[in-house]
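Counting in the working numbering, the sequence shown runs from 37 upward without gaps.
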Amino acid sequence: MDTQILMQTSRAMVAHGKGLLAADESAGTCKKRFDSVKVECTEENRRVYREMLFTTPGLADYVSGVILFDETLRQSTKDGVNMGKYLEKIGILPGIKVDAGAQDMAMHPGEKVTEGLDKLAGRMQEYFKLGARFAKWRAVITIGEGIPTRACIEANAHALARYSAICQEASIVPIVEPEVLLDGTHSAERSEAVHEETLETLFHEMQQQGVSLEHVILKASMAVSGKDNPKQASVKEVAERTVRVLKRTVPAALPGVVFLSGGQTDENATAHLDAMNRMGGVPWPLTFSYSRALQAVALNTWRGSAGNVAAAQKAFLHRAHMNGLAAKGQWTPEVEKKAA
Ligand code: 13P
37 MDTQILMQTS RAMVAHGKGL LAADESAGTC KKRFDSVKVE CTEENRRVYR
87 EMLFTTPGLA DYVSGVILFD ETLRQSTKDG VNMGKYLEKI GILPGIKVDA
137 GAQDMAMHPG EKVTEGLDKL AGRMQEYFKL GARFAKWRAV ITIGEGIPTR
187 ACIEANAHAL ARYSAICQEA SIVPIVEPEV LLDGTHSAER SEAVHEETLE
237 TLFHEMQQQG VSLEHVILKA SMAVSGKDNP KQASVKEVAE RTVRVLKRTV
287 PAALPGVVFL SGGQTDENAT AHLDAMNRMG GVPWPLTFSY SRALQAVALN
337 TWRGSAGNVA AAQKAFLHRA HMNGLAAKGQ WTPEVEKKAA
């Protein structure tokens, strides 16, 4: 464990006005996204698409790191440069998703537990050699009738803490992502309460297992209304609930908090982040680690055609720029329109 490397990496990940691009969709998730634009989900198409994203001119102005899927970290650009090395060269940190996905939790209908701890320490050493400087593990918490249960929250928190310790031993900064899903009809108030219990349990486990809190990044969801609730909380309410729950539960020692977009619209994801940064008063930088809210417009513009690459990169950079502004509390709907 090299604390110097861990410190440098974690600070760089949350550098002022920058955030992370999550491009770590598994082949299955990637297929769903590609199907929506009628692109065949082959290994080569995934490589071409991701190369398009990573070679967007100016990306490093707003993106500090990219979360990769194992396959991508082993692929190369069309010029034969390893993807991780390419990112490093342009000043973007390569990261790696290491969990093996959320599986149905035995005896707990409707709930998931994330797998992937077996032999993780060995894999982590290889990832470090391949250039990965941070990692991601995503747990899924579902809100419904009688769920989440304590068993689900505790099992996921335990795995996140074990994964974090393994990362840090390999000098890789862990991103812990306990995603509270927005699926359902629940209120923002209920979401806030579930976030509170989840995060409180997570950091208790992290302390128990000796994880160095100075070298962990939290990837949080926001306390939004369930997507099928006809009464949607305002941007202001979501920002206030999310900041309040973070203040209650997340140790000030953490170097930063990043957010997932979770199915929010592109503009809502940006507006929520901006509103939280305008509120201020928190001990951590708050920034983005979006997949859909950064990539949707790029994918829809690209549609698998080389002729659309420049336009797709422009649209993608615009979203990265808007979220970079939101990370500083400087985004406005007017800037959004003017810069488009
Ligand atoms: P979304 O921003 O699309 O939620 O993805 C972020 C992520 O990395 C989920 O694990």
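Just so it is clear, CB atoms sit at the ideal spot from N, CA and C, and this is done for glycine as well. If you're wondering where the values come from, they're calculated on a predicted model, not measured in any experiment.
As summarised for the segment 53 to 78, the continuous alpha helix (DSSP H) elements at least 4 residues long and confined to that stretch are 63 to 71, given in chain order. Between residue 334 and residue 348, the C-beta spacing is below 8 Å.
In chain order, 329, 332, 333 and 355 place their CB closer than 7 Å to the CB of residue 302, counting only its own chain and leaving out the 5 sequence neighbours on each side. For residue 326, the uninterrupted beta strand (DSSP E) segment begins and ends at 322 to 326.
Secondary structure at residue 338: helix, using DSSP grouped into helix, strand and coil. Cα atoms of residue 323 and residue 55: separation of roughly 5 Å, rounded to the nearest angstrom. The beta carbon of residue 141 lies closer than 8 Å to those of 147, 148, 149, 187, 188 and 191 in the same chain, with the five residues before and after it left out. Runs of beta strand (DSSP E) with 3 or more residues, each lying fully within the segment 230 to 300, are found at 253 to 256 and 292 to 295, listed in chain order. In this structure, residue 329 has its CB closer than 7 Å to one or more heavy atoms of ligand 1. Here DSSP, grouped into helix, strand and coil, assigns residue 169 to coil.
In this structure, the alpha-carbon of residue 167 lies about 43 Å from that of residue 265.
Segment contact: the segment 100 to 111 against the segment 359 to 369, fewer than three CB-CB distances shorter than 8 Å; contact not assigned. Between the C-alpha atoms of residue 341 and residue 73 there is a straight-line separation of about 11 Å. A residue is called buried when at least 16 other Cβ atoms come within 10 angstroms of its Cβ; residue 110 does not meet this threshold and is exposed. Annotation for residue 58 indicates a beta carbon within 7 Å of some heavy atom of ligand 1. Here residue 106 carries a helix assignment [DSSP, helix/strand/coil].
With a cutoff of 8 Å on beta-carbon distance, residue 339 and residue 75 are scored as near each other. With 16 or more neighbouring CB atoms inside 10 Å of its own CB, residue 58 falls in the buried class.
Relative to the non-hydrogen atoms of ligand 1, the Cβ of residue 132 never comes closer than 7 Å to any of them. In the three-state reduction of the DSSP assignment, residue 128 falls in the coil class. The beta carbon of residue 129 lies closer than 8 Å to those of 45, 48, 49, 100, 101, 102, 123, 169 and 170 in the same chain, with the five residues before and after it left out. Among the bridge pairs identified by DSSP, residue 174 is matched with 213.
Secondary structure at residue 97: helix, using DSSP grouped into helix, strand and coil. Look at residue 109: its beta carbon is at least 7 Å from all of the heavy atoms in ligand 1. Taking C-beta atoms as the reference points, residue 306 and residue 359 count as a pair closer than 8 Å.
DSSP places residue 140 inside the beta strand (DSSP E), whose first and last residues are 138 to 140.
Inclusion of residue 136 and residue 205 in the CB contact set at 8 Å is not warranted, their separation being larger than that value.
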